[in-house]
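With mature numbering (1 follows the signal peptide of the UniProt record, and there is no 0) applied, the sequence shown covers -31 to -1, 1 to 279. The next block holds one structure in the form of structure tokens; read it before the comments.
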Amino acid sequence: MTPLRCNVVCLRCSLLSVCVYSGTSITQLQAVDPDGEPLIFGVVGEEAMRYFAVQETTGVVWLRQPLDRETKSEMQVEFSVSDSQGVVKDTVNIQIGDVNDNAPSFFNQPYAVQIPENTPVGTSVFMVNATDPDQGVGGSVLFSFQPPSPFFSIDGARGIVTVTRALDYETTTAYQLTVNATDQDKRRPLSSLTNLAITITDVQDMDPIFTNLPYSTNIMEDAPPGYEVRKITAIDQDLGRPRGIGYTFISGNTNSVFALDYISGSLKVSGQLDRENPLYSSGFTITVKVRLKPRCGGFQDDSLKSVFEL
Ligand SMILES: *[C@@H]1O[C@H](CO)[C@@H](O)[C@H](O)[C@H]1NC(C)=O
Ligand SMILES: *[C@@H]1O[C@H](CO)[C@@H](O)[C@H](O)[C@H]1NC(C)=O
């Protein structure tokens, strides 16, 4: 048992010393009577009597119930000592010492945040908040990720979460991190855990790509108008919210002998092909452009050379 606090008080010509220990007991009141008469000790007042009992003849003080510093950090307790000639009372100010008996607790849970994938390294994206009602090191909270994350760090003292490595929505769309808040009591640290959900949102950072490359098709010169040469397909590599795609010619559609459906990418014959026409005999090299439908302004294009031979 460690004494939480010792007071020595002087009652006129008497000396009353009070030591309050944590746990079950106690202290002994000490008084000196100049006449050497027997003394009777007591505790005065309702509240004091709820917590303390005093053995009359010895002055031994018992703690009747545990003290909780977080409820009450100080008590004024009046003790009395009397002999045949009178009663002496004095109030002892008892400071309730702290035992680290509270783990940190988090505020404003659950913790969740959405950040764009292009959030730069070094950006602070969140702050967790925990407090511990204990005093001193037992009430000083230290944060950490458990286990540590390569992508995020947390400031030990302030709970600020920072990006430490470039994020990529196409690789990872969400992180579930465990935050450990621990107090810094050396003997008996207490800790609490909570989750932090970080969701990565997509940013349009990828070009569209053509699928099924290369496109090389042979067609007969007598293919009639409306004949589908082939279908051109492209996809938006931004997987989060892929956008619509439009297909147009850039070059190579000599005399507009082909038609390209903007929506479906279907490439069809639309004029008369003729192998003997020197313009056509070496085939067609058609370049197609893919256009992503704008989401919030700006276009993103990709183009493709597609070779057709007659
Ligand atoms: C933490 O939360 C508590 C309770 O909501 C609030 O009083 C305190 O100011 C917060 N601390 C910080 C650093 O935001
Ligand atoms: C939290 O971190 C502290 C200090 O590193 C550690 O002692 C404690 O075991 C951790 N808490 C949990 C629940 O893992």
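Beta carbons are placed, not taken as given, at the ideal position from N, Cα and C, and that holds for glycine.
Nearest neighbour of M44, chosen from T26, F21, G28 [CA to CA] = F21
Beta strand (DSSP E) containing Y20: first to last residue?
-> Not the beta strand (DSSP E): Y20 falls in the alpha helix (DSSP H), residues 15 to 20.
When DSSP builds the beta bridges, which residues end up paired with N149?
-> According to DSSP, N149 bridges with S113, L162.
8 angstroms Cβ shell around Q78 - same chain, five flanking residues per side excluded = T163
Taking all protein chains shown into account, decide if F10 is buried (16 or more other Cβ within 10 angstroms of its Cβ) or exposed.
-> buried
From L261 to N222, what distance separates their C-alpha atoms?
-> 22 angstroms
According to DSSP, what are the bridge partners of Q(-4)?
-> V29
Give a yes or no on whether the C-beta atoms belonging to I214 and A203 are separated by under 8 angstroms.
-> yes
Taking only heavy atoms of ligand 2 into account, decide whether any of them is closer than 7 angstroms to the Cβ of Q145.
-> In this structure, Q145 has its CB at a distance of at least 7 angstroms from all heavy atoms of ligand 2.
How many angstroms separate the CA atom of L(-3) from the CA atom of V106?
-> In a straight line, the C-alpha of L(-3) is about 32 angstroms away from that of V106.
Ignore the nearest five residues each way along the sequence and tell me which others in G125's own chain have a CB closer than 8 angstroms to its CB.
-> Only L111, F112, S113 meet the Cβ criterion.
Per DSSP, what kind of secondary structure is V106 in: helix, strand or coil?
-> helix
Where the beta strand (DSSP E) through R199 begins and ends | 197 to 200
How should E245 be labelled, buried or exposed, when 16 other C-beta atoms within 10 angstroms of its C-beta is the threshold for buried?
-> exposed
Reduced DSSP secondary structure (H/G/I, E/B, other) of T223 | helix
Beta carbon of Y144, beta carbon of F121: below 8 angstroms?
-> yes
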